[in-house]
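Worksheet: the structure to be examined is printed underneath.
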Amino acid sequence: DVKVTQSSRYLVKRTGEKVFLECVQDMDHENMFWYRQDPGLGLRLIYFSYDVKMKEKGDIPEGYSVSREKKERFSLILESASTNQTSMYLCASSPGSGTNEKLFFGSGTQLSVL
Amino acid sequence: GQSLEQPSEVTAVEGAIVQINCTYQTSGFYGLSWYQQHDGGAPTFLSYNGLDGLEETGRFSSFLSRSDSYGYLLLQELQMKDSASYFCAASMDSNYQLIWGAGTKLIIKP
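Protein sequence lines correspond, in order, to chains A and B. Take 1 as the starting number for the first sequence in the numbering used here and just add one per residue. Take 1001 as the starting number for the second sequence in the numbering used here and just add one per residue.
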């Protein structure tokens, strides 16, 4: 069974902390994505990567960075967490190049920044 | 700008049929996907329309009309477990991004 695994289901951090969210996929997918989901706003893309060491900004990259050193792992980094980054973070992956009609999602990390 | 519009909430009765609409305004449209998300869960893929017409997968069907920039998800024989949020997402022909609708919360009453 295909799987996207996010390291934490719930996370509580303090303002100003550096936060790492990890995501691993076991499907040998080329593309990986980080979204945040807030009530009434749907899914908003933070960053995506279409290859190892490659990354592209999404719609809301400010305050975030990413790392993709290995094909199966895509990390989201909050350099200095702020309360407005409290949200559900979803990692996803998809195979191959071109369009992405089918994404596989991890179970999400609910991050609270106090 | 690029956007997808879908109703925020739809209510239906168990055993009935419900249609969730999605209209899009995008450039370089390639196809339309649908995802289901239960409260506290991750989105899971339901269906994809790359061509105009109807795609059927069990109780769920999805339809696309490119000329009308419109699609819908049809759920038949509704069950209580179908209570969830449903998202439409447009894939583009020139990049890796998806454009997402804000989601439709489906409430099913017994």
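No residue lacks a Cβ here, since even glycine has one placed at the ideal position from N, Cα and C. The structure displayed is predicted, hence computed values, not measured ones.
Under the Cβ distance rule, A:Gly108 counts among the residues neighbouring chain B, one pair being separated by less than 7 Å. A:Lys53 and A:Glu69 have their C-alpha atoms spaced approximately 6 Å apart. At a cut-off of 7 Å, the C-beta of B:Gly1001 has no neighbouring C-beta in chain A.
Within the region 15-27 of chain A, no residue places its CB atom closer than 7 Å to a CB of chain B.
Residues of the same chain with a CB within less than 6 Å of the CB of B:Arg1066, apart from the 5 flanking positions on each side, are Asp1052 in chain order. Chain order gives the chain A residues near B:Tyr1048 as Glu101 and Lys102, where near means a beta carbon separation below 9 Å. Of the other Cβ atoms in all chains shown, fewer than 16 fall within 10 Å of the Cβ of B:Gln1025; this residue is therefore exposed. Within its own chain, the residues whose Cβ lies closer than 6 Å to the Cβ of A:Val12, once the five positions on either side in sequence are excluded, are Ser112, listed in chain order. Near chain A, meaning a CB-to-CB distance below 8 Å, no residue of the region 1051-1078 of chain B qualifies. Judged by DSSP in its simplified three-state form, B:Asn1021 adopts strand. Between the C-alpha atoms of B:Ala1090 and A:Gly16 there is a straight-line separation of about 36 Å. Here A:Thr5 is not near A:Val19, since their CB atoms are 7 Å or more apart. Distance check between A:Glu101 and each of B:Ala1016, B:Gly1031 and B:Ser1008 places B:Gly1031 closest, using alpha-carbon atoms only. Residue range Phe1060 to Ser1065 is occupied by the beta strand (DSSP E) that includes B:Ser1062.
Cβ-Cβ distances below 8 Å link A:Ile60 to Arg36, Arg44, Leu45 and Ile46 in the same chain, with the five nearest sequence neighbours on each side left out; the list follows chain order. Straight through space, the alpha carbons of A:Lys55 and B:Thr1044 are spaced by roughly 24 Å.
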